[in-house]
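In the working numbering, the protein residues as written are 1 to 262.
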Amino acid sequence: MTKPFARRIGFIGTGAITDAMVRGLLASPPAVEAVMVSARNAQIAARLAADFPAVAVSKDNQAIVDGCETVVLAIRPQIAEEVVRPLRFRDGQTVISVVAATARPTLLDWIGADVHLTQTIPLPFVAQRKGVTAIFPPDGETAALFAALGTAVECETKAEYDLLAAASALMATYFGIMQQATDWLSDKGLPEEKGRAYLAPLFAGLSETALAADPKLPFAHLAGEFATKGGLNEQVLRDFGEKGGLSALSRALDRVHQRITG
């Protein structure tokens, strides 16, 4: 059995990301020995406790801070200050923030103790231990935790971290492309369920190909491998670029990056 990352890890905030992280951490073999979660979302907390004997639900956030070596702040930025400021953290305690759009100095000010703080961007796939998580600043202990949930990418600078945060905003667009293709097939007469049944594994296979490829090869090389000269794939890629699709994507990433960096 893999050595657990920590005896006990606590989550302040019980939303979708907490649900995904806890499920990933306690999958077999478990990466932690015990988990404490807040009761803010009673339904999610109760479901986690029912599914995993190692989960304890606490109505008191301070009890989570007192009882855990590692505390994950998984709360909405709009309420983060009012939740975090009253808590009494210990010097040297490990704190992992998944609070979006909140600067590290701001978080440290709210925490008010000399804690070991990292910022992370876990994605829903951590539930299946297939997530990729950006971490700042680099930290071996936090990286080991998220490596148990898939892949950890340690960012050397805040600039790197912000760029990966912007790239994570492509998830909905990915599904939007699949939906557009499904709608097009349906408009041409193919039942929607057949379009979905075809496209989902097609895109999944492409992702597996990218993961298995030499990481030194640019994605453009893979595009070339799937675009026979004069063929259909080459035609669609060329049309997409010439009609502004690629530049529109770059502009969208620029705008979301500006929003992240303020």
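Positions of the beta carbon are idealized from the N, C-alpha and C atoms, including for glycine.
It should be emphasised that the depicted structure is a prediction, and the values quoted were computed from it without experimental measurement.
Measure the alpha-carbon distance for residue i versus residue j and round it to whole angstroms.
i      : j      : result
Glu160 : Pro53  : 38 angstroms
Ala181 : Arg196 : 9 angstroms
Gly205 : Ala172 : 19 angstroms
Ala213 : Ala39  : 43 angstroms
Pro30  : Lys243 : 49 angstroms
Lys188 : Pro201 : 21 angstroms
Ala167 : Leu108 : 26 angstroms
Ala223 : Gln62  : 52 angstroms
Ile9   : Gly262 : 32 angstroms
Ser97  : Arg88  : 16 angstroms
Trp110 : Thr14  : 20 angstroms
Leu149 : Ser207 : 18 angstroms
Trp184 : Phe175 : 14 angstroms
Leu170 : Asn41  : 27 angstroms
Gly263 : Gly131 : It is not possible to answer for residue 263, since the shown part of the chain is limited to 1 through 262.
Leu199 : Ala16  : 26 angstroms
Pro265 : Asp60  : No statement about residue 265 is possible, as the shown extent of the chain runs from 1 to 262 and does not include it.
Pro191 : Leu211 : 31 angstroms
Glu69  : Cys155 : 24 angstroms
Arg259 : Leu253 : 10 angstroms
Ser186 : Glu225 : 28 angstroms
Thr106 : Gln235 : 49 angstroms
With a 10 Å radius around its C-beta and 16 neighbouring C-beta atoms as the bar for buried, classify residue i as buried or exposed.
i      : result
Pro122 : buried
Met21  : buried
Gln119 : buried
Ile64  : buried
Phe11  : buried
Thr209 : exposed
Ala74  : buried
Met1   : Low confidence applies to Met1: its pLDDT is 36, below 50, so where it sits in the model is not reliable enough to give any reading.
Arg251 : exposed
Val72  : buried
Gly112 : exposed
Thr133 : buried
Ala101 : exposed
Arg7   : exposed
Gly230 : exposed
Asp19  : buried
Arg23  : buried
Thr228 : exposed
Leu26  : buried
Lys3   : Since pLDDT at Lys3 reaches only 49, below the 50 mark, its modelled position is unreliable, and the value read off the structure follows with that caveat. When all chains shown are included, Lys3 counts as exposed.
Leu117 : buried
Phe136 : buried
Ala248 : exposed
Return helix, strand or coil for residue i, following the three-state DSSP convention.
i      : result
Thr209 : helix
Thr94  : strand
Ala31  : coil
Leu117 : strand
Ile9   : strand
Val99  : coil
Thr70  : strand
Glu154 : strand
Gly189 : coil
Phe219 : helix
Phe136 : strand
Ala144 : helix
Gly24  : helix
Ala42  : helix
Ala54  : coil
Gly231 : coil
Gly131 : strand
Please check the pair residue i and residue j, which I expect to be a contact at CB under 8 angstroms, by giving their CB distance rounded to whole angstroms.
i      : j      : result
Val126 : Val95  : With a Cβ gap of about 18 angstroms, Val126 and Val95 do not count as contacting.
Phe240 : Leu246 : 7 angstroms
Checking contacts by CB at 8 angstroms: is residue i closer than that to chain D?
i     : result
Glu69 : In the structure shown, chain D does not exist; there is a single protein chain.
Query raised in the report: Are the segment 24 to 34 and the segment 42 to 60 touching, with three or more C-beta to C-beta distances below 8 angstroms?
Result: Proximity of the segment 24 to 34 to the segment 42 to 60 meets the contact definition, three or more beta-carbon pairs being nearer than 8 angstroms.
Query - Stretch-stretch touch, CB-based, cutoff 8 angstroms, three pairs: the segment 140 to 149 with the segment 159 to 173 - result: no
Report task. Count the C-beta pairs between the segment 42 to 51 and the segment 74 to 92 that are closer than 8 angstroms, then say yes if the count reaches three, no if not. Result -> Touching, no, given that fewer than three Cβ pairs across the two stretches are closer than 8 angstroms.
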